[in-house]
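Structure, as structure tokens:
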Amino acid sequence: MKRYRPYIILILLCISPYILAKDTWNNAVFQTVKPLENKAYRLRLINGDISTGISLGKGIDALRENGSIEESIVIKTLSNIDTIYADDIAEISFLEDAYRFDSQLFLMPTANPIKLNHSLQITELCFAQAHIGWDRFSVIAGASLIPGITWQEQVKLLNVKATLYQENNVDMPGRYAFATGINLGFANSNNAIQHIYAVGSFTMERTTLTTTAFYKVGVSDIYEAKASSFGSTLISMPNGTLGFGIGFDTRLSDRHETRAIAELWCLDLLKPRNSAAFIGIRLHSSVYAADFGLSLFSAPFIIPACSFKWMPF
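Counting from 358, one number per residue, gives the positions in the sequence shown under our numbering.
In structure tokens, the structure reads:
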């Protein structure tokens, strides 16, 4: 056996590049996500089409007229098995990570963490926010930028959330998540309005359902919010007030980058008139998102609402 050892080693050295090549991805589009077999992926093609499915591994390379070698991935979709080449792919991502805006509805936080999907947001063209995530912790900080109002009179926000529990569903595609957090708002710099909250989210194949309960804590029950020449108003929010919210985020059929979102808030369960709602659509890519819809208040009155989010990283 020993006399064959050099030949065995020589054979292994000769065939090892071909064995390794099967699992090695060299084209640029595959460098951020190096596909693995039996994993679900979402591919956005150069022509704008979206393809989702299970990877069956690396396909046969193609030699183009310009001399470039284009690798391919074999994808099993619901209806077919497709071979897609690197020069046809604009972006590839894990299917579970393809939708990066699942940590928030319009205003309502979900139980899903921000993770590394840091972003900047502007709401109603006058309220700027930064979203920062690390592991299970999520932080949102923001302030209004209303002309004619001093910095001390601007509205400010700090929201800190910890996702305590996440588990994939074993019976159907999807996952559960549960989080707790604290929301600190300032109606003027000297009016601190504090809530602690718990939120649960159930994510299915196309839809995320979210419910939240929040509890008012702090010192004051009545706040006077001033806005320079715009005047002032009194805000009544007694300590111990218990509120509730519910919302959903669902992908519209056959439109991977268009979603319907809605949420309903009741700031005080003992006073249902203190309620507000939002219903609208979300247009998004992997970097940008834009929400458009209507905010409804129990006064009653309706105002247009919009929000824009950018993930620079």
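Think of the CB as a built atom: it goes at the ideal place given N, C-alpha and C, for glycine as much as any other residue.
Practice task
Would you kindly report the start and end of the unbroken beta strand (DSSP E) that includes T381?
Solution key: Unbroken run through T381: none, as it is neither H nor E.
Practice task
Under 6 Å Cβ to Cβ from Y524, same chain only, skipping five residues before and after it: list those, please.
Solution key: Looking at the sequence itself, residue 524 is Glu, so the reference to Tyr does not match. Residues Y533 of the same chain have their beta carbon placed closer than 6 Å to that of E524, with the five preceding and five following residues left out of the count.
Exercise for the section: Figure out for me which residue from S436, T440, A397 has the closest Cα to the Cα of A672. Expected result: The structure shown has nothing for residue 672, since the chain only spans 358 to 670.
Problem - Environment of V512 [buried if 16+ CB atoms lie within 10 Å] - result: buried
Exercise for the section: Would you mind reading off the limits of the beta strand (DSSP E) that contains P661? Expected result: 658-667
Handout entry: Minimum length 3: unbroken beta strand (DSSP E) runs contained in the segment 576-642
Key = With a minimum length of 3 residues, the continuous beta strand (DSSP E) runs that stay inside the segment 576-642 are 579-583, 589-593, 599-608, 615-623, 632-641.
Handout entry: Beta-carbon proximity check, T655 vs A633, cutoff 9 Å
Key = The amino acid at residue 655 is misidentified as Thr; the sequence shows Ser. Cβ atoms of S655 and A633: closer than 9 Å.
Practice task
Could you check what DSSP says for D459 in three-state terms: helix, strand or coil?
Solution key: coil
Handout entry: Proximity of I539 and Y522 at Cβ, strictly below 9 Å
Key = For the 9 Å CB-CB criterion, I539 and Y522 do not form a contact.
Handout entry: Contact under 9 Å by Cβ, E427 with N384
Key = Yes, Cβ-Cβ distance for E427 and N384 is below 9 Å.
Practice task
Could you have a look at L452 and say whether DSSP puts it in helix, strand or coil?
Solution key: helix
Handout entry: Cα-Cα separation, T560 to F658
Key = 32 Å
Practice task
Could you tell me the distance, in whole angstroms, from the CA atom of K433 to the CA atom of F387?
Solution key: 18 Å
Practice task
Below 6 Å CB to CB, which residues in the same chain sit around D445 once its five sequence neighbours on both sides are set aside?
Solution key: L402, I403
Problem - Selected residue, minimal CA-CA separation from L473, among L653, S664, V644 - result: Of the listed residues, the one whose Cα sits closest to L473 is V644.
Problem - Selected residue, minimal CA-CA separation from S652, among F665, H641, G637, A646 - result: G637
Practice task
Spatial neighbours of W382 within its chain, please: CB distance less than 8 Å, with the 5 preceding and 5 following residues excluded, ordered by chain position.
Solution key: Close CB contacts of W382 within its chain, under the 8 Å cut and outside five residues either way in sequence, are with Q388, K391, P392, K415, E428 (chain order).
Handout entry: C-alpha gap between S406 and T590, whole angstroms
Key = Note that residue 406 is Asp in the sequence shown here, rather than Ser. Their backbone Cα atoms lie some 51 Å apart in a straight line.
Practice task
Could you check what DSSP says for A500 in three-state terms: helix, strand or coil?
Solution key: strand
Problem - D492, enclosing beta strand (DSSP E) - first and last residue - result: Where D492 is concerned, there is no enclosing beta strand (DSSP E), given that its DSSP letter is neither H nor E.
Exercise for the section: Assign I430 to one of two classes, buried (16 or more other C-beta atoms within 10 Å of its C-beta) or exposed (fewer than that). Expected result: So I430 ends up on the buried side.
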